[in-house]
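Residue numbers for the sequence shown follow the working numbering, beginning at 446 and rising by one. The structure appears below as structure tokens.
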Amino acid sequence: MELKHRHLGSVDTFLRPKILAFRNRFVPWLPLITHLPQVGWWLSWNDYIGGRIYLSRGFEESEQAFLLRFLQSGMIAFDIGAHHGVHTLLMSKRVGSQGLVIAFEPSPREVHRLRWTLRVNRCSNVRVESYAMGSREGNEQLFVCMGRNSGCNSLRLPTISEPFKTTKVPITTLDNYLREHEIHQVNLLKIDVEGAELEVLEGAMGLLSSGARPVIICEMADVRTLPWGYPANKIYDLLQSCKYLWFSATPEGNLNPCPPKKDYRENLVAVPQEKLQGMKTMLAEGNN
Numbered sequence: 446m447e448l449k450h451r452h453l454g455s456v457d458t459f460l461r462p463k464i465l466a467f468r469n470r471f472v473p474w475l476p477l478i479t480h481l482p483q484v485g486w487w488l489s490w491n492d493y494i495g496g497r498i499y500l501s502r503g504f505e506e507s508e509q510a511f512l513l514r515f516l517q518s519g520m521i522a523f524d525i526g527a528h529h530g531v532h533t534l535l536m537s538k539r540v541g542s543q544g545l546v547i548a549f550e551p552s553p554r555e556v557h558r559l560r561w562t563l564r565v566n567r568c569s570n571v572r573v574e575s576y577a578m579g580s581r582e583g584n585e586q587l588f589v590c591m592g593r594n595s596g597c598n599s600l601r602l603p604t605i606s607e608p609f610k611t612t613k614v615p616i617t618t619l620d621n622y623l624r625e626h627e628i629h630q631v632n633l634l635k636i637d638v639e640g641a642e643l644e645v646l647e648g649a650m651g652l653l654s655s656g657a658r659p660v661i662i663c664e665m666a667d668v669r670t671l672p673w674g675y676p677a678n679k680i681y682d683l684l685q686s687c688k689y690l691w692f693s694a695t696p697e698g699n700l701n702p703c704p705p706k707k708d709y710r711e712n713l714v715a716v717p718q719e720k721l722q723g724m725k726t727m728l729a730e731g732n733n
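If you want it as structure tokens, here you go:
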């Protein structure tokens, strides 16, 4: 299934940048609402991602197309690093009333905005958890960006030239969360946690060695992982050692094999070997 985007008409093309500029200058706290076909109503806040979506410039379109193709009614999906919920919303629509989405977001400001998105869209199948996910239990300092790069909030000092504030947030592991909530199957993990991806996976080794292993969409970006002291290829190596295969998503939501490389700045899809046969129709032409 191909993700269809709403292209701005001539009036929108003229007016929307002006509306956005007015909002940003005079009422920066006010969200602008727009409709995303096959996803729902989106609240564009005064930040980079919100502005990009409001102006119909696209955001992680290949990843969204893959979610549309892969997710089915009744599935369980985890959005780890949910931010304001663009992927959470899409997941909610796809898994339906018989499914469940669990969205993890530690920033209090982002949780507030995420909940607004879910209320506007009446998403009753989403559970929001205000945790950071990692390899241990405890509490840690979260750096919250106060400028337009709200997607760069991190447990390590972000490598951006914007002011930030800090707040203490609770941390848990994925394995502990699954055990405490008696969740025995996860169909999909989306992990985008500004460099903490390796820690999240290290806290999920029970799940990754279980008989019901999820497909994983993971951010792979050296610019995010280096403040944590490791290169992004460590993520690749860890899941490869767990018998996962790596792919990139195409604009149609298909999968292309992604061999290892030295540097990364992208989102990739990791598929457990035992699930590859059932996903053959998603392999890009010439790769199945």
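For every residue, glycine included, the Cβ atom is placed at its ideal position computed from N, Cα and C. In this text, all values refer to a predicted model and were calculated from it rather than measured experimentally.
Item, Value
"Sequence-distant residues of the same chain with beta carbon closer than 6 Å to Met446, five excluded per side", "Residue placement at Met446 is poorly supported in this model, since its pLDDT is 40, which falls under 50; the coordinates still yield a value, given next. Only Leu513 and Arg514 meet the Cβ criterion."
"Counterpart residues of Lys613 in DSSP-defined beta bridges", "Gln586"
"DSSP-derived helix/strand/coil call for Leu713", "strand"
"3 or more residues per run - each beta strand (DSSP E) lying fully within the stretch 551-575", "571-574"
"For Lys707 and Arg567, the rounded distance between their alpha carbons", "43 Å"
"Ordered list of beta strand (DSSP E) runs contained in the stretch 657-717, each at least 3 residues", "660-666, 689-694, 700-702 and 710-717"
"One or two residues paired with Trp474 in a DSSP bridge", "Looking at the DSSP assignment, Trp474 forms no beta bridge with any residue, so it has no partner."
"Beta-carbon separation (whole angstroms), Pro431 vs Lys679, contact threshold 8 Å", "It is not possible to answer for residue 431, since the shown part of the chain is limited to 446 through 733."
"Residue nearest to Pro676 in terms of C-alpha spacing, selected from Met665, Arg658, Asn598 and Gln586", "Met665"
"Local Cβ density within 10 Å of Asn712, reported as buried at 16 or more and exposed below that", "buried"
"Beta-carbon proximity list for Phe504, same chain, < 8 Å, skipping 5 on both sides", "Ile494, Arg497, Ile498 and Val531"
"Identified DSSP bridge partners for Ile521", "Leu545"
"Arg572 vs Ile547 beta-carbon contact at 7 Å", "yes"
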